[in-house]
């Protein structure tokens with residue numbers, strides 16, 4: 028098999044690995060379809076509380092779709108209606124974290140942008156390179172990047188295809204933090220160790236609110252947040268949170 032999407036779960040943490048290092052972790056049609064299955068598996072598994080997405084090795088996070096295999100999708104209409112790997116990432120209801128080493132180009136850049144938090148090594152490089160090849164992105168780059176960093180900054184990257192390094196990406200607000208390769212692994216491990224102890228209902232509701240804030244007007248967004256805020260107090264986790272606060276102990280959340 029030429030390439031795979033690997034998935035493992037350990038102690039409430041799911042890890043997705045784009046496994047095609049010999050091809051810069053570019054993605055085949057089979058891999059895109061498998062990622063859809065993994066996304067559904069994660070959403071249906073209440074034991075998973077946080078998800079890390081990474082590329083195999085340290086040379087490349089992902090360079091997106093393998094253009095040499097784009098014919099696998101058939102006609103342009105069939106390409107339009109493909110099972111999109113970035114949509115699969117965005118469909119995950121649990122908090123998602125991308126751990127980026129090496130190149131995140133084209134669709135690989137879009138995968139990173141489809142996660143909730145993005146942490147990169149000093150070696151990371153980013154580019155919306157599609158325009159340099161004669162086409163444009165199709166998995167959300169223009170929509171998500173412009174919402175993240177503003178129209179004019181997104182336009183400079185998307186309309187030129189220029190590559191930027193990790194520090195520049197951090198300055199633009201594309202990624203959260205930059206580390207050495209070793210420090211990146213330690214930081215992400217520590218972050219997920221903390222996040223998996225939180226109430227999974229609360230983190231998923233908070234994520235739902237954040238997503239809504241990108242698509243709603245302020246007044247409607249505030250109403251939506253208030254509705255979910257009230258709902259969060261109907262859970263057993265909220266009762267445990269209140270009780271543990273009164274008893275001055277660490278809460279033990281069950282996701283109920």
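In our numbering, the protein residues as written are 28 to 283.
Note that beta-carbon positions come from the ideal geometry of N, C-alpha and C, so glycine has one too.
Please read these numbers as outputs of a predicted model, since none were measured by experiment.
Residue i versus residue j - alpha carbon distance
i	j	result
residue 205	residue 149	6 Å
residue 7	residue 89	Beyond the ends of the chain as shown, which are 28 and 283, falls residue 7; an answer cannot be given.
residue 123	residue 190	24 Å
residue 277	residue 70	27 Å
residue 94	residue 241	31 Å
residue 74	residue 187	43 Å
residue 96	residue 119	26 Å
residue 213	residue 81	14 Å
residue 83	residue 260	41 Å
residue 207	residue 101	41 Å
residue 215	residue 33	18 Å
residue 63	residue 142	15 Å
residue 151	residue 282	35 Å
residue 196	residue 182	14 Å
residue 111	residue 104	14 Å
residue 72	residue 269	26 Å
residue 158	residue 129	21 Å
residue 274	residue 246	37 Å
residue 68	residue 180	36 Å
residue 7	residue 244	Only positions 28 to 283 of the chain appear in the structure, and residue 7 is not among them; the question remains open.
residue 257	residue 160	49 Å
residue 262	residue 153	41 Å
Of the listed residues the options, nearest to residue i (C-alpha basis)
i	options	result
residue 279	236, 251, 221 and 54	221
residue 170	68, 113, 66 and 128	113
residue 146	158, 131, 267 and 157	131
residue 91	281, 134 and 166	134
residue 234	265, 104, 117 and 103	117
residue 85	268, 211 and 232	211
residue 99	55, 115 and 107	55
residue 58	115, 78 and 185	115
residue 109	176, 165 and 254	165
residue 43	244, 53 and 79	79
residue 140	253, 232, 172 and 128	172
residue 177	200, 162, 250 and 156	200
residue 209	163, 127, 252 and 154	127
residue 174	238, 121 and 162	238
residue 66	156, 257 and 121	121
residue 107	262, 257 and 163	163
Three-state secondary structure (DSSP) of residue i
i	result
residue 246	helix
residue 118	coil
residue 189	coil
residue 155	coil
residue 51	coil
residue 268	helix
residue 170	helix
residue 295	Given a span of 28 to 283 for the chain in the structure shown, any question on residue 295 remains unanswerable.
residue 275	coil
residue 150	coil
residue 219	helix
residue 213	helix
residue 176	helix
residue 294	What is shown of the chain runs 28 to 283, which leaves residue 294 out entirely.
residue 61	helix
residue 132	strand
residue 201	coil
residue 262	coil
Inter-residue CB distance, residue i and residue j (contact presumed, cutoff 8 Å)
i	j	result
residue 87	residue 144	About 20 Å; that fails the 8 Å criterion.
residue 137	residue 168	5 Å
residue 46	residue 31	5 Å
residue 223	residue 76	5 Å
residue 232	residue 218	No, residue 232 and residue 218 are not in contact; Cβ-Cβ is about 20 Å, not under 8 Å.
residue 202	residue 193	7 Å
residue 252	residue 236	5 Å
Interface flag, residue i vs chain D, CB-CB below 7 Å
i	result
residue 181	Protein chain content of the structure displayed is limited to a single chain, and chain D is not contained in it.
### Query
Counting pairs of Cβ atoms below 8 Å between the stretch 219 to 227 and the stretch 28 to 43, do you hit three or more?
Taking 8 Å as the limit for Cβ pairs, the verdict is that the stretch 28 to 43 does touch the stretch 219 to 227.
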